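S.K.:
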Amino acid sequence: MYDLIIFLVLLGLGYFVGQALEKSHFRSIIKREKELRHLLTFSNRYPPSVTEEQNAQLVSGSVVISIDYFKQIVAALRALIGGRITSYESLLERARREALLRMKEEALTLGANIIVNVKLETSSITKGQRQQVGCVEVLAYGTALHDKQFS
Amino acid sequence: MQYSNPEIPEGINVTQVHPLKEFFTLIAGVAGLVIVVVFLLAITVQYLVTLIPFEKESQWLGRMGESFTASMQSDETSDNHQQIEDYLQKMADTLSEHQRLPEGMMITVHYSEADTVNAFATLGGNIVIFKGLLQTLPHENALAMVMAHEIAHIKHRHPIVALGRGVAVGLVLVSLSGVGDGVAVQQLLGNLSMLTTLTFSRSQEELSDREALGVLTTMYGHVGGAEALFEALQTEYEGREPPQILSTHPHTEKRIERIKEIQAAMATDTEFKPLPGFILELKKANEKDKQPGNE
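Quick mapping for you: the protein sequence lines, in order, are chains A and B.
According to my numbering, the stretch in the first sequence is residues 1 to 151, in order.
According to my numbering, the stretch in the second sequence is residues 1001 to 1295, in order.
1) Excluding sequence positions up to five away, which residues of its chain have a Cβ less than 7 Å from the Cβ of T1077/B?
2) How would you list, in chain order, the residues of chain A whose beta-carbon sits under 8 Å from the beta-carbon of T1015/B?
3) Please state whether the Cβ-Cβ distance between I1151/B and I1279/B is less than 8 Å.
4) The segment 1002–1030 of chain B: which residues have C-beta closer than 8 Å to a C-beta of chain A, in chain order?
5) Cα separation between L8/A and G1166/B?
6) Chain A partners of Q1263/B, CB-CB under 9 Å?
7) Which of the three DSSP states, helix, strand or coil, is assigned to V1014/B?
8) In terms of residue numbering, what span does the alpha helix (DSSP H) encompassing V1172/B cover?
9) Out of curiosity, what's the CA-to-CA distance linking Y69/A and V116/A?
10) Quick check on the DSSP output: what are the complete alpha helix (DSSP H) runs of length 4 or more inside the segment 1128–1152 of chain B, in order along the chain?
11) Strictly under 8 Å for the Cβ-Cβ distance: is V1185/B near chain A by that measure?
12) Kindly list the residues whose CB is nearer than 7 Å to the CB of K1284/B, restricted to its own chain and excluding five residues on each side of it in sequence; keep chain order.
13) Apart from the five residues on each side of it in sequence, which residues of its chain come closer than 7 Å, Cβ to Cβ, to T51/A?
14) Given 8 Å as the limit, is there contact between the segment 1018–1027 of chain B and the segment 70–81 of chain A, that is, 3 or more CB pairs closer than that?
15) Quick check: the Cα distance between L1192/B and V1034/B, rounded to an integer number of angstroms?
16) Which value, in whole angstroms, describes the spacing of the CA atoms of V1137/B and T1116/B?
17) In terms of residues, what are the limits of the alpha helix (DSSP H) holding G12/A?
18) Under 8 Å between the Cβ atoms of I1245/B and L1189/B?
19) Is the number of C-beta pairs between the segment 1095–1115 of chain B and the segment 1044–1051 of chain B that are closer than 8 Å three or more?
20) I need the DSSP call for Q1073/B, collapsed to helix, strand or coil.
21) With distances taken Cα to Cα, identify the nearest neighbour of D1093/B among V1215/B, R1202/B, I1256/B, V1014/B.
22) For the candidate residues M1001/B, V1037/B, Y1003/B, whose alpha-carbon lies nearest to that of L1173/B?
23) Go ahead and pull the three-state DSSP assignment for A1121/B.
24) Would you mind working out which of R1255/B, Q1099/B, K1131/B, P1243/B sits nearest T1217/B, comparing C-alpha positions?
25) Which first and last residues belong to the alpha helix (DSSP H) in which L1207/B is found?
26) Spell out the partners DSSP gives V64/A in its beta bridges.
27) Using a Cβ-Cβ cut-off of 8 Å, state whether V74/A counts as contacting chain B.
28) Cβ atoms of A1070/B and N1141/B: under 8 Å apart, would you say?
Next up, the structure:
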């Protein structure tokens, strides 16, 4: 009986608090993306031909986001049935966009206006128990350059 | 270099579905599946296990039943232990005849000096009656009701069916371990299967109650007094009973209601056969222990 009550409390906490945090994070992401839209990112391997002498630098942004209990339960049920794990989709979307933004912010402080060869890497940080995914980490990195043609 | 920098719209990488709606759909699907599978499994096991003849049950599992009953015995043995056990065995033999037990089914009654207010039937035709129960019963009719109820369990092979059911459902659960993220899903599946098997347990209890009432008529000529034990239990466990859906027995109130329904349809009387002297003495001893001076 008490197991059920604790389960429902954790579930409720995960759902309400988790959803609120996610919504506020998305709002912040959208706002910052608007501000940093002028900083271009390319996934080309080779940098474009430039007109100035370059001071190319590696820039990166990473973020670690934890999964709440509600998302975990929905994902576990999905693991039984199969299909898209929509609860993780929004989590990873958040993490990816945040990582890219942090990379752009670093590039901005260096005075760059484009980032070339942008790559993303995701990893899950388990707490040692094989079956529990504690949190997800996304790393975005690339080469920051400055060129007048991209201003 | 050719490039464009459009504003990317939202919602491309996320599936637009309300998380709660998805959660409830998934839970309903999984729960429904588990309940159906466990239900069918329990019915199949019930049919297959009853095909094992009682003689084989006693032969293979009787020792298990006996060691279980031995574990229920308390350390102390009073002087009239054997006298009480013989009396209970005689009652069981009489009731077995009235209940028309199949050929070869032997009931062995064990008397335990523990204070538990309970009685149970286990594998191999073994029944245990506790001292606490004898101290609570007001008259022999109530005792016969309890005894007939336990004999009905054995007649319908409920101990071995419960064992088979537990094994089969447990096997299914164990084979599902490791599926899914984390331990919560296994707990959920385990709880759901437990709830489903409890329905079967409760229907077994109801069947035994009904049959016991039928036997009372043949033995005493009426079914009066059958509710005495349940009423005593009700006053003792007032408010502390778990909800019916979580227990192996129907709610005490419901059992009393059913008994009263049957009593209204059949003959009742208020003349009850009193318990023999050596059992009434147990009650006196209990009351003496309960008085403040003697604690």
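Quick reminder that beta carbons are idealized off the backbone N, C-alpha and C, glycines included.
Note that the structure is predicted; figures quoted are calculated from it, not measured.
M.R.: According to the structure data:
1) So the qualifying residues of the chain are E1113.
2) The contact set of T1015/B on chain A, defined by CB atoms closer than 8 Å, consists of R84, T86, E89 in chain order.
3) It is not a contact, given that the beta carbons lie outside the stated cut-off.
4) Under the 8 Å Cβ criterion, the segment 1002–1030 of chain B contributes Y1003, N1005, E1007, E1010, N1013, V1014, T1015, V1017, P1019, L1020, E1022, F1023, L1026, I1027, G1029, V1030.
5) Inter-residue distance for L8/A and G1166/B is about 27 Å (C-alpha atoms, whole angstroms).
6) Here the premise fails: no neighbours, minimum Cβ distance about 34 Å.
7) Residue state, collapsed to three classes: coil.
8) Start and end: 1158–1175.
9) Approximately 38 Å, taken between the alpha carbons.
10) The segment 1128–1152 of chain B is shown to contain whole alpha helix (DSSP H) runs of 4 or more residues at 1131–1136, in chain order.
11) At least one chain A Cβ lies under 8 Å of V1185/B.
12) A distance below 7 Å between beta-carbons, with the five flanking residues on each side excluded, links K1284/B to no residue of its chain.
13) Within the same chain, T51/A has close Cβ partners D147, K148, Q149.
14) Yes, the segment 1018–1027 of chain B touches the segment 70–81 of chain A.
15) Going by the C-alpha atoms only, they are around 7 Å apart.
16) For the sequence presented, residue 1137/B should be read as Leu rather than Val. Those two C-alpha atoms are separated by around 13 Å.
17) Annotation for G12/A: the continuous alpha helix (DSSP H) segment containing it runs 2–35.
18) Contact flag unset, no.
19) Counting Cβ pairs under 8 Å, fewer than three are found: no touch.
20) Under the three-state reduction of DSSP, Q1073/B is assigned to coil, being neither helix nor strand.
21) Of the listed residues, the one whose Cα sits closest to D1093/B is V1215/B.
22) The residue with the shortest Cα to Cα distance from L1173/B is V1037/B.
23) In this structure, A1121/B counts as strand in the three-state DSSP scheme.
24) Closest by alpha carbon: Q1099/B.
25) Unbroken alpha helix (DSSP H) run through L1207/B: 1184–1220.
26) Answer is E137/A, bridged to V64/A.
27) It does; some Cβ of chain B falls within 8 Å.
28) Judged by their CB atoms, N1141/B and A1070/B are not nearer to each other than the 8 Å cut-off.
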